[in-house]
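Take the sequence shown: its letters are residues 0 to 425, numbered as in numbering that gives the first Met the number 0. See below for the structure under consideration.
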Amino acid sequence: MGERAPHTDPSALHEPLAAELMTPKRLIAAQNIEIGRERLLDSTQLKIIGTTYEQSPLAFEDATNAAVLVGHLVRHTLEFEDMDEATPLLTTELIAQREKANCYGYTIVASECLDQIGVEHYVGYVNQHAVVMLFDRTSGSRRSFLLDVATKEFYQETTKAVGGEDPLDQLWRGELRAINTLQTSELLRKVDIDDPGKRQKFIRDRFWLSFDKDSRHRDDDEYEYLLHSQLQLITMPSVPGREMLRLYHNVIINTLGNNPDPVAASEDIIDQFAGIYPDIDPRNKLEHAKALRTKLIDRHMGDSALALADVIKASLLPDDTSESRFFKGETLRKIAKVEGDPKKIDEAIKEYDNNNDDDDELFKLPPDNDEFLASVGRVVARKPVLSYGFRKTRMDRIAAAKQDKKKIEKRLAKSSHHRTPPTQDR
Numbered sequence: 000m001g002e003r004a005p006h007t008d009p010s011a012l013h014e015p016l017a018a019e020l021m022t023p024k025r026l027i028a029a030q031n032i033e034i035g036r037e038r039l040l041d042s043t044q045l046k047i048i049g050t051t052y053e054q055s056p057l058a059f060e061d062a063t064n065a066a067v068l069v070g071h072l073v074r075h076t077l078e079f080e081d082m083d084e085a086t087p088l089l090t091t092e093l094i095a096q097r098e099k100a101n102c103y104g105y106t107i108v109a110s111e112c113l114d115q116i117g118v119e120h121y122v123g124y125v126n127q128h129a130v131v132m133l134f135d136r137t138s139g140s141r142r143s144f145l146l147d148v149a150t151k152e153f154y155q156e157t158t159k160a161v162g163g164e165d166p167l168d169q170l171w172r173g174e175l176r177a178i179n180t181l182q183t184s185e186l187l188r189k190v191d192i193d194d195p196g197k198r199q200k201f202i203r204d205r206f207w208l209s210f211d212k213d214s215r216h217r218d219d220d221e222y223e224y225l226l227h228s229q230l231q232l233i234t235m236p237s238v239p240g241r242e243m244l245r246l247y248h249n250v251i252i253n254t255l256g257n258n259p260d261p262v263a264a265s266e267d268i269i270d271q272f273a274g275i276y277p278d279i280d281p282r283n284k285l286e287h288a289k290a291l292r293t294k295l296i297d298r299h300m301g302d303s304a305l306a307l308a309d310v311i312k313a314s315l316l317p318d319d320t321s322e323s324r325f326f327k328g329e330t331l332r333k334i335a336k337v338e339g340d341p342k343k344i345d346e347a348i349k350e351y352d353n354n355n356d357d358d359d360e361l362f363k364l365p366p367d368n369d370e371f372l373a374s375v376g377r378v379v380a381r382k383p384v385l386s387y388g389f390r391k392t393r394m395d396r397i398a399a400a401k402q403d404k405k406k407i408e409k410r411l412a413k414s415s416h417h418r419t420p421p422t423q424d425r
């Protein structure tokens, strides 16, 4: 499969997140004292699912059936909770104690169960949300299946919803991750909720389905509806994918949680995410990376902030023409202003100007532009790409950086003047 895993601490892979989880969860067991609890990964139910799969023809449908049963088993093992400032780190001990998890924890646990019974699958990341993906290996097939573990309505085939180059072909080629599009409007067509109010609530409660929180469940503008519901899907092989999710979850908590640890967050990103930082859809505006950058610079950890910027730059798609392209330049500029270092302003200007390379290539459309581009950094559909906006933004950043340099130099000159002792006449 060309499974080139990101560098991870081998010890982190030795103990599954689900190692100490018991099934069913306490809430269910308490309602029926005759129900015995077992370790999830050694449970009778998981073994039955595995045996049934092993004795099947091992067709794609057999794999998806096993995945659906695993999804139900995980939902009987964990309570779902959204991520917020109070969410703890994802650890084996805490998830067993609390029996609660968000989409990251659900996906990791389901993936570990699927690996346990030998079902080939992949880990997907889409708009800050985690899912399990299955792909049909049959020659010429492009069939795919999505398992949003906590939401049974999204246990469904996604062949028509996934766009771009076959994810398996990308991974076979040795890519660390496959990049595709996921059209969530296709998923919603299969959701059988007739009541308009309940349907809107179902969609509203799942922020990841669209970038437009108002029009995503309206049909008055089909273009806008499709545009906002076409998301970037990142797919990785199961083991590195699980480790990516666990690390990224903990990076978010260490950045935005009630007890932040930006040093640990930056170390995880710098050590583990080179070229594979997941949240690169420009519509999310690198919000977690920006928050971490601010905390690092505030702590006078400019080198770590710059290393973070290098990771982000290496992770962006080649044809990303969004403001994400200026993340490193902005980082240099912010460090320069805090440290009073005009040389770093020069580096920032050089970084901004480097985005001038091959401008014409950046803004060329592929021959067939009737479909949305796989790179959602410049999502278009039958509309021309306007390069002027990107060029103007770059020039504005350069002009602002030059003004910052003048202010820094003026401040340094004034400071130097005050420190110089007066010349004494002899």
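Note that beta-carbon positions come from the ideal geometry of N, C-alpha and C, so glycine has one too. This one's a predicted model, so the numbers in the text were calculated from it and none came from an experiment.
Sequence-distant residues of its chain with Cβ nearer than 7 Å to F153 (five each side left out): Correct list, in chain order: L145, D147, L186.
Those runs of the beta strand (DSSP E) which lie wholly inside the segment 142 to 219 and span at least 3 residues: Correct list: 143 to 146, 154 to 156, 177 to 182.
Alpha carbon of F371 to alpha carbon of N31, nearest angstrom: With a pLDDT of 39 at F371, under the threshold of 50, the modelled position of this residue cannot be trusted; read the value that follows with caution. For the pair F371 and N31, the Cα-to-Cα distance works out to about 51 Å.
Other residues of its chain near S374: CB distance less than 6 Å, five sequence neighbours each side excluded: Per-residue confidence for S374 stands at a pLDDT of 42, beneath the threshold of 50, marking its modelled position as unreliable; the derived number appears in the next sentence. Closer than 6 Å at the Cβ level, and outside the excluded window around S374, lie L316, D318.
Neighbourhood of I94 by C-beta distance below 7 Å, restricted to the same chain and skipping five residues each side: When the five nearest sequence neighbours on each side are left out, the beta carbons in the same chain lying within less than 7 Å of the beta carbon of I94 are those of L16, L20, A100, G104, in order along the chain.
Close Cβ partners of K312 (< 6 Å) along its chain, the five nearest in sequence each way excluded: Closer than 6 Å at the Cβ level, and outside the excluded window around K312, lie K327.
A157 versus A85: straight-line alpha-carbon distance, rounded: The sequence shown places Thr at residue 157, rather than the Ala named in the question. T157 and A85 have their alpha carbons spaced roughly 34 Å apart.
Alpha carbon of P277 to alpha carbon of I233, nearest angstrom: Straight-line Cα distance between these residues: approximately 7 Å.
Option in P87, R292, V130 with minimal Cα separation from N432: Nothing in the structure corresponds to residue 432, since the chain is present only between 0 and 425.
T426 versus T91: straight-line alpha-carbon distance, rounded: A query on residue 426 cannot be resolved here, the shown segment of the chain reaching from 0 to 425 and no further.
Classification of E360 by the beta-carbon crowding that lies within 10 angstroms, buried from 16 upward: Model confidence at E360 stands at a pLDDT of 43, short of 50, so the residue's coordinates are unreliable; what they give is reported in the following sentence. In this structure E360 is exposed. Its beta-carbon is surrounded by fewer than 16 other beta-carbon atoms within 10 angstroms.
Segment limits, beta strand (DSSP E) that includes G123: For G123, the enclosing beta strand (DSSP E) has its first and last residue at 121 to 125.
Contact set for R141: own chain, Cβ-Cβ below 7 Å, skip 5 residues either direction: Excluding positions up to five away in sequence, the list reads T158, D165.
Within 9 Å, strictly: CB atoms of I116 and L45: Their beta carbons are under 9 Å apart, which means I116 touches L45 by this criterion.
Cβ neighbour criterion (16 or more within 10 Å) applied to L411: Exposed.
Buried versus exposed call for T137 [16 or more other C-beta atoms within 10 Å across all chains shown]: So T137 counts as exposed.
Option in L89, E408, R393 with minimal Cα separation from E338: Taking only the C-alpha atoms, the option nearest E338 is E408.
G70 classed as buried or exposed, judged by whether at least 16 other C-beta atoms fall within 10 angstroms: Result: buried.
Start-end ranges of the alpha helix (DSSP H) lying completely within the segment 48 to 132, minimum 4 residues: Counting whole runs of 4 or more residues, the segment 48 to 132 contains the alpha helix (DSSP H) stretches 59 to 74, 91 to 97, 102 to 115.
Top-ranked residue by Cα proximity to E14, from R241, P195, G139: Ranking R241, P195, G139 by Cα distance to E14 puts R241 first.
Coil, strand or helix - L25 by DSSP: Correcting the residue type first, residue 25 is Arg in the shown sequence and not Leu. Taken through DSSP and simplified to helix, strand or coil, R25 comes out as helix.
Buried versus exposed, by CB contacts within 10 Å (16 or more), A29: Flag for A29 reads exposed.
Residue range of the unbroken beta strand (DSSP E) whose run includes L230: Annotation for L230: the continuous beta strand (DSSP E) segment containing it runs 229 to 236.
Residues bridged to F134 (per DSSP): Residue pairing by DSSP puts F134 in a beta bridge opposite S143.
R331 vs I269 beta-carbon contact at 9 Å: This sequence places Leu at residue 331; Arg is not what is there. No.
The segment 53 to 73 contacting the segment 241 to 254, beta-carbon criterion three pairs below 8 Å: With fewer than three CB-CB distances shorter than 8 Å, the segment 53 to 73 does not count as touching the segment 241 to 254.
First and last residue of the uninterrupted alpha helix (DSSP H) at E286: Where E286 is concerned, the enclosing alpha helix (DSSP H) stretches over 286 to 297.
Stretch-stretch touch, CB-based, cutoff 8 Å, three pairs: the segment 59 to 69 with the segment 119 to 138: Three or more Cβ pairs closer than 8 Å define a contact, and the segment 59 to 69 meets that threshold against the segment 119 to 138.
Terminal residues of the alpha helix (DSSP H) in which F326 lies: Start and end: 326 to 338.
Minimum C-alpha distance to N126 - residue among A109, A65, D267, E286: For N126, the closest C-alpha among the options A109, A65, D267, E286 is that of E286.
Straight-line gap, D204 to F325 (C-alpha atoms, nearest Å): C-alpha separation (whole angstroms): 32 Å.
DSSP-derived helix/strand/coil call for R36: In the structure shown, R36 sits in coil (DSSP, three-state: anything other than H, G, I, E or B).
Spatial distance of D81 from K405 (CA atoms): Distance between the alpha carbons of D81 and K405 is about 46 Å.
Three-state secondary structure assigned by DSSP to D369: Low confidence applies to D369: its pLDDT is 36, below 50, so where it sits in the model is not reliable enough to give any reading.
Candidates I348, E174, R25: closest to T392 by CA position: Nearest neighbour of T392 by Cα position, chosen from I348, E174, R25, turns out to be I348.
A264 - DSSP class collapsed to helix/strand/coil: The answer is helix: DSSP assigns A264 an H, G or I state.
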